[in-house]
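Here the structure comes first, spelled out in structure tokens, and everything after it is commentary.
Residue numbers (the working numbering): 62 to 232.
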């Protein structure tokens, strides 16, 4: 059985929810990179973006990923944009990890994120247009990195976890 599982995908795809459930089922530690970044910096992700910009945030994210990926029996939930950083993609590839792309269709993502005001990028009038643009930009990276992909659009979280475990057993 693989000892490092990395969850990638768009905001709203279910990485944190699925990661927590999967870690409970497998007895692995769960690491949410965004949460670790906030704990280490003492401020919210939004504040880091405001002060340091995306480049500063991506450097922090890379460092937390590098530290986290060294652990065994771990499930790591990444931020949706981690795949846009070439150094982070290289980290995901070089370690013996199972990268799972949790995906959801545009309508599902929009429904899940419609009341989310915690993400500055979505504090716009036309959230759907922004989500669609980001999805188009990141989709090739998610596909490239993924050892497995799971469409969470029409599945309950526990069913996604069961599906992942079943597919892992077949690997």
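No residue lacks a Cβ here, since even glycine has one placed at the ideal position from N, Cα and C.
Quantities reported herein were computed from a predicted structural model and do not represent experimental measurements.
Own chain, CB closer than 8 Å to residue i, minus 5 neighbours either side, in chain order
i, result
"residue 86", "222 and 226"
"residue 152", "123, 126, 127 and 130"
"residue 145", "119, 198, 199 and 202"
Helix, strand or coil at residue i according to DSSP, with G and I counted as helix
i, result
"residue 134", "coil"
"residue 225", "helix"
"residue 105", "coil"
"residue 185", "coil"
"residue 67", "strand"
"residue 155", "helix"
"residue 86", "helix"
"residue 161", "strand"
"residue 128", "helix"
"residue 232", "coil"
"residue 212", "strand"
"residue 93", "strand"
"residue 234", "Limits of the chain in this structure are 62 at one end and 232 at the other, which puts residue 234 out of reach."
Short CB-CB distance (under 7 Å) between residue i and chain C
i, result
"residue 115", "Absent from the structure is chain C; it holds one protein chain and no more."
Residue i versus residue j - alpha carbon distance
i, j, result
"residue 83", "residue 105", "26 Å"
"residue 167", "residue 155", "30 Å"
"residue 135", "residue 91", "6 Å"
"residue 201", "residue 149", "15 Å"
"residue 94", "residue 114", "17 Å"
"residue 173", "residue 72", "9 Å"
"residue 187", "residue 88", "41 Å"
"residue 193", "residue 207", "20 Å"
"residue 204", "residue 220", "22 Å"
"residue 31", "residue 175", "Since the displayed the chain opens at 62 and closes at 232, residue 31 lies outside it and no answer follows."
"residue 196", "residue 215", "18 Å"
"residue 161", "residue 63", "12 Å"
"residue 111", "residue 224", "39 Å"
Sequence-distant residues of the same chain with beta carbon closer than 7 Å to residue i, five excluded per side
i, result
"residue 32", "Since the first residue of the chain shown is 62 and the last is 232, residue 32 is not available in this structure."
"residue 177", "183"
"residue 233", "Limits of the chain in this structure are 62 at one end and 232 at the other, which puts residue 233 out of reach."
"residue 100", "none"
Own chain, CB closer than 6 Å to residue i, minus 5 neighbours either side, in chain order
i, result
"residue 81", "91"
"residue 189", "171"
Proximity to residue i [Cα-Cα], best of the options
i, options, result
"residue 70", "98, 142 and 108", "142"
"residue 138", "219, 65 and 109", "65"
"residue 132", "119, 158, 140 and 109", "158"
"residue 165", "108, 75 and 107", "75"
"residue 199", "147, 232, 103 and 102", "147"
"residue 191", "206, 232, 204 and 170", "170"
Expected contact under 8 Å - CB spacing of residue i and residue j to nearest Å
i, j, result
"residue 78", "residue 179", "No, residue 78 and residue 179 are not in contact; Cβ-Cβ is about 15 Å, not under 8 Å."
"residue 109", "residue 121", "7 Å"
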